[in-house]
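Below: one structure, written as structure tokens.
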Amino acid sequence: MTTIIDGKAVAASVIASIKVAHEALEAVGGLKAGLAVVIVGDDPASHAYVGAKGRMAKECGFVSVQHTLPEQTSQKALLALLEELNRQETIHGILVQLPLPGHLNSEQVIQAISPEKDVDGLHVVNAGKLATGDLATGLISCTPAGAMALLAGIHGPDLSGLNAVVIGRSNLFGKPMGQLLLNANATVTIAHSRTKDLAGICRKADILVAAVGRAEMVKQDWINPGATVIDVGINRVAAPERGEGKTKLVGDVDFGACAETAGVITPVPGGVGPMTIAMLMANTVIAASQQLGLPRPVF
Ligand code: GUN
Numbered sequence: 009m010t011t012i013i014d015g016k017a018v019a020a021s022v023i024a025s026i027k028v029a030h031e032a033l034e035a036v037g038g039l040k041a042g043l044a045v046v047i048v049g050d051d052p053a054s055h056a057y058v059g060a061k062g063r064m065a066k067e068c069g070f071v072s073v074q075h076t077l078p079e080q081t082s083q084k085a086l087l088a089l090l091e092e093l094n095r096q097e098t099i100h101g102i103l104v105q106l107p108l109p110g111h112l113n114s115e116q117v118i119q120a121i122s123p124e125k126d127v128d129g130l131h132v133v134n135a136g137k138l139a140t141g142d143l144a145t146g147l148i149s150c151t152p153a154g155a156m157a158l159l160a161g162i163h164g165p166d167l168s169g170l171n172a173v174v175i176g177r178s179n180l181f182g183k184p185m186g187q188l189l190l191n192a193n194a195t196v197t198i199a200h201s202r203t204k205d206l207a208g209i210c211r212k213a214d215i216l217v218a219a220v221g222r223a224e225m226v227k228q229d230w231i232n233p234g235a236t237v238i239d240v241g242i243n244r245v246a247a248p249e250r251g252e253g254k255t256k257l258v259g260d261v262d263f264g265a266c267a268e269t270a271g272v273i274t275p276v277p278g279g280v281g282p283m284t285i286a287m288l289m290a291n292t293v294i295a296a297s298q299q300l301g302l303p304r305p306v307f
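Numbering (this note's numbering), first residue to last: 9 to 307.
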């Protein structure tokens with residue numbers, strides 16, 4: 009029997025513990041955690057994600073601020089806003105939704121966020137702490153942290169002896185995911201678009217993590233029987249079976265077929281997605297605790 013991970017349920021239990029930690033922070037620190045989310049442009053999917061992040065921040069009891077900037081926003085104006093948010097004592101976490109419009113320099117924007125407030129874990133200070141195995145003082149990128157929490161629920165915290173394959177090498181996901189797996193003692197392969205015999209490499213995986221951004225690319229015969237499959241993709245595709253012009257979300261894994269071979273698998277939607285938002289809330293409480301000089305909660 010294949011286990012289908014219920015990411016919504018796991019995320020709900022993480023959120024419950026975040027609310028408890030936040031109440032304690034408010035009682036001792038005397039203020040709420042503050043999260044500022046910055047979005048540039050009109051991309052509907054990005055607006056949907058940002059809306060969900062803001063709603064969850066409010067549900068957790070945080071101060072939630074959204075800065076919606078027009079598509080034509082200049083690099084200088086965006087950097088000025090980040091400087092202001094870095095200074096504001098009521099804001100403990102800052103997230104700039106990616107991707108940014110093409111005329112903006114994303115890397116410079118990410119590095120302009122104070123590392124203490126970088127709840128996306130993308131600043132070189134946080135990425136460097138993760139790369140050197142310091143998981144205790146930095147902030148970790150939310151989607152990989154969420155994927156690791158799901159894996160810990162299946163395999164426990166120690167992945168010794170397990171082969172993990174990550175497809176995708178982005179700074180946002182693939183690289184930090186590889187580091188987290190390595191830190192948990194897995195034997196890690198990071199595969200990407202230039203990898204030879206991708207299917208063959210995936211077939212050796214006890215843990216297969218797909219983050220390629222191509223709908224249903226991972227096929228059933230790529231799956232090692234009994235493997236744990238974590239699907240990080242969110243792709244909107246046509247769904248004529250649901251009516252003319254209808255669409256649906258699918259992952260990077262051909263779920264229906266792969267679920268027959270995998271031992272454990274995450275669905276899309278309802279797998280890793282809800283965990284990303286939960287870990288963003290966790291990072292916000294962690295960041296606020298650190299900035300207030302309080303002990304760092306563990307989720
Ligand atoms: N766009 C898609 N996923 C993410 C994320 O985790 N953080 C940010 N900032 N942008 C994203």
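Note that beta-carbon positions come from the ideal geometry of N, C-alpha and C, so glycine has one too. Here the structure is a predicted model, which means the values were calculated and not measured.
Quiz prompt | Pro233 to Ile47 span [Cα, whole Å] | solution = Locating residue 233 in the sequence shown gives position 225, where the first residue counts as 1. Locating residue 47 in the sequence shown gives position 39, where the first residue counts as 1. Those two C-alpha atoms are separated by around 42 Å.
Practice problem: Kindly examine the ligand GUN and report whether one of its heavy atoms sits closer than 6 Å to the Cβ of Gln105. | Solution: Here residue 105 corresponds to residue number 97 of the sequence shown, with the count starting at 1. Yes - the ligand GUN has a heavy atom lying nearer than 6 Å to the Cβ of Gln105.
Practice problem: With DSSP as the reference, label His30 as helix, strand or coil. | Solution: As a working note, residue 30 is residue 22 in the sequence shown. Residue state, collapsed to three classes: helix.
Quiz item: Mind checking Met287: buried by the 16 CB within 10 Å criterion, or exposed?
Solution: Position 279 of the sequence shown holds residue 287. When all chains shown are included, Met287 counts as buried.
Quiz item: Pick from Val293, Ile231, Pro109, Ile99: whose alpha carbon is nearest that of Val174?
Solution: On the sequence shown, residue 174 is found 166 positions in, with the first residue counted as 1. Comparing Cα-Cα distances from Val174 to each of Val293, Ile231, Pro109, Ile99, the minimum goes to Ile231.
Practice problem: Under 6 Å Cβ to Cβ from Leu189, same chain only, skipping five residues before and after it: list those, please. | Solution: The residue you call residue 189 lines up with position 181 of the sequence shown. Result list for Leu189: Ala172, Val196, in chain order.
Quiz item: Which value, in whole angstroms, describes the spacing of the CA atoms of Asn113 and Thr269?
Solution: Start at 1 with the first residue of the sequence shown, and residue 113 comes out as number 105. Start at 1 with the first residue of the sequence shown, and residue 269 comes out as number 261. Rounded to whole angstroms, Asn113 to Thr269 spans 42 Å at the Cα level.
Quiz item: How many Å lie between Thr236 and Pro275 at the Cα?
Solution: Locating residue 236 in the sequence shown gives position 228, where the first residue counts as 1. Locating residue 275 in the sequence shown gives position 267, where the first residue counts as 1. So the two alpha carbons sit approximately 12 Å from each other.
Quiz prompt | For Ser297 and Asp262, the rounded distance between their alpha carbons | solution = Residue 262 sits at position 254 when you count from the first residue of the sequence shown. Residue 297 sits at position 289 when you count from the first residue of the sequence shown. The alpha-carbon atoms of Asp262 and Ser297 are separated by roughly 41 Å.
Quiz item: How is the alpha helix (DSSP H) around Gly62 delimited, first residue to last?
Solution: The residue you call residue 62 lines up with position 54 of the sequence shown. Element bounds for Gly62: 52–67.
Practice problem: Could you tell me whether the stretch 207–221 touches the stretch 237–246, where touching means 3 or more Cβ pairs closer than 8 Å? | Solution: yes
Practice problem: Please specify which runs of the beta strand (DSSP E), each continuous and at least 3 residues long, are wholly inside the stretch 204–283, giving them in chain order. | Solution: 215–218, 236–239, 243–246, 255–258
Exercise. State the beta-bridge partners of Asp171 as determined by DSSP.
Key: In the sequence shown, the residue the question calls residue 171 occupies position 163. The sequence shown places Asn at residue 171, not Asp. Its beta-bridge partners are Thr195.
Practice problem: Name the residue from Ala157, Ser72, Phe70, Leu103 whose alpha carbon lies nearest to the alpha carbon of Leu86. | Solution: As a working mapping, residue 86 is identified with position 78 in the sequence shown. Looking at the Cα atoms, Leu103 is the closest of the given residues.
Quiz item: What do you reckon, is the C-beta of Thr151 under 6 Å from a heavy atom of the ligand GUN?
Solution: Residue numbering aside, residue 151 sits at position 143 when the sequence shown is read from its first letter. Indeed, a heavy atom of the ligand GUN lies less than 6 Å from the Cβ.
Quiz item: Under three-state DSSP, which class holds Gln96?
Solution: The residue you call residue 96 lines up with position 88 of the sequence shown. Three-state result, Gln96: coil.
Quiz item: Exposed or buried, Ser82, counting other C-beta atoms within 10 Å across all chains shown (16 or more means buried)?
Solution: Translated into positions along the sequence shown, residue 82 becomes position 74. It is exposed - the Cβ of Ser82 has fewer than 16 other Cβ atoms within 10 Å.
Exercise. Take the Cβ of Ile23 as the centre, count every other Cβ of all protein chains shown within 10 Å, and call the residue buried at 16 or more, exposed below.
Key: The sequence position of residue 23 within the sequence shown is 15, counting from 1. Result: buried.
Practice problem: Report the partner residues of Val36 according to the DSSP bridge assignment. | Solution: On the sequence shown, position 28 is the one that residue 36 refers to. According to DSSP, Val36 bridges with nothing at all.
Quiz item: Does the separation of the CB atoms of Ala192 and Leu167 fall below 7 Å?
Solution: Residue 192 sits at position 184 when you count from the first residue of the sequence shown. Residue 167 sits at position 159 when you count from the first residue of the sequence shown. Contact: yes.
Exercise. Under the assumption that Val7 contacts Ala295 (Cβ atoms under 8 Å), give the Cβ distance between them as a whole number of angstroms.
Key: Lying before the first or after the last residue shown, residue 7 is absent from the chain, which here runs from 9 to 307.
Practice problem: Express the C-alpha separation of His55 and Val45 in angstroms, rounding to a whole number. | Solution: Your numbering for residue 45 matches position 37 in the sequence shown. Your numbering for residue 55 matches position 47 in the sequence shown. Those two C-alpha atoms are separated by around 11 Å.
Quiz item: With DSSP run on the structure shown, which of helix, strand or coil describes Ala44?
Solution: Residue 44 sits at position 36 when you count from the first residue of the sequence shown. Three-state DSSP puts Ala44 in a strand.
Quiz item: Does DSSP put Gly136 in a helix, in a strand, or in coil?
Solution: Here residue 136 is taken as the residue at index 128 of the sequence shown, counted from 1. Reduced to three states, the DSSP call for Gly136 is helix.
Practice problem: Figure out for me which residue from Thr292, Gly301, Lys27, Met283 has the closest Cα to the Cα of Ala160. | Solution: Within the sequence shown, the letter at position 152 stands for residue 160. Answer by Cα proximity: Met283.
Quiz item: In chain order, what residues of the same chain have a beta carbon less than 6 Å from the beta carbon of Lys5, not counting five sequence neighbours either side?
Solution: Residue 5 lies beyond the residue range present for the chain, which begins at 9 and ends at 307; the question has no answer from this structure.
Quiz item: Taking the beta strand (DSSP E) that Val127 falls in, what are its first and last residues?
Solution: For the purposes of this step, residue 127 is taken as the residue at position 119 of the sequence shown. Val127 -> no beta strand (DSSP E), and no H or E assigned at all.
Self-check item: For Val117, the first and last residue of its enclosing alpha helix (DSSP H)
Solution: Locating residue 117 in the sequence shown gives position 109, counting from the first residue. Unbroken alpha helix (DSSP H) run through Val117: 114–120.
Practice problem: Can you give me the start and stop residues for the alpha helix (DSSP H) that Gly154 sits inside? | Solution: In the sequence shown, counting from the first residue as 1, residue 154 sits at position 146. Per DSSP, Gly154 belongs to the alpha helix (DSSP H) from 150–163.
Self-check item: Which of helix, strand or coil DSSP assigns to Gln105
Solution: Mapped onto the sequence shown, residue 105 falls at position 97. Coil, per DSSP.
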